[in-house]
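Colleague: Structure below; questions to follow.
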Amino acid sequence: MANHKSALKRIRANEAKRLRNRYQAKTTRTFIKRLRNTEDKSEAQELLKQVTSMLDRLAKKNVIHKNNASNKKSKLTKLVNSL
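Residues 1 to 83 (the UniProt record's numbering) make up the sequence shown, in order.
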């Protein structure tokens, strides 16, 4: 167990950030699945905008790697264009 007040605060802060990151990553995965299952092109384009924004946000905060976000966006864009 930590001995300093600052270390205890850091533990609390890290846990809060971890939970927030997990929530945002899980929500993004859900939206990606929803986008992949969409048949309607106009709906897919709207979802793509949302998902792209979410992926950029995760990459900016280092929840996922920037290349991972870029690869996902590229594949999803190809998928939407093929509809």
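Beta carbons are placed, not taken as given, at the ideal position from N, Cα and C, and that holds for glycine.
#1: When you compare the CB of Val51 with every CB in chain D, is at least one pair closer than 8 Å?
#2: Assuming Val80 contacts Leu48 under a Cβ cut-off of 8 Å, what Cβ separation, rounded to an integer in Å, is found between them?
#3: For residue 95, which option in Lys78, Lys75, Ser70 and Ala59 has the closest C-alpha, if you only look at C-alpha atoms?
#4: State the CB to CB distance for the pair Lys78 and Thr52, rounded to an integer number of angstroms; the pair is presumed to be in contact (CB under 8 Å).
#5: Going by C-alpha to C-alpha distance, which of Lys33, Asn68, Ile11 and Ala2 sits closest to Gln50?
#6: Along the chain, which unbroken stretches of the alpha helix (DSSP H) at least 4 residues long are found entirely within the segment 47-83?
Modeller: Considering the structure as presented:
#1: In the displayed structure, chain D is absent; only one protein chain is listed.
#2: What you label residue 80 is simply residue 80 of the sequence shown in a count that begins at 1. What you label residue 48 is simply residue 48 of the sequence shown in a count that begins at 1. For Val80 against Leu48, the beta-carbon gap comes to about 5 Å, under 8 Å, which counts as contact.
#3: Missing from the structure shown is residue 95; the chain here goes from 1 to 83 and no further.
#4: Here residue 78 refers to the residue found at position 78 of the sequence shown. Here residue 52 refers to the residue found at position 52 of the sequence shown. 13 Å between Cβ atoms; not a contact.
#5: Taking the sequence shown and counting its residues from 1, the one referred to as residue 50 is at position 50. Relative to the Cα of Gln50, the nearest Cα in the group Lys33, Asn68, Ile11 and Ala2 belongs to Lys33.
#6: Taking only runs of at least 4 residues, the alpha helix (DSSP H) segments lying wholly in the segment 47-83 are 66-82.
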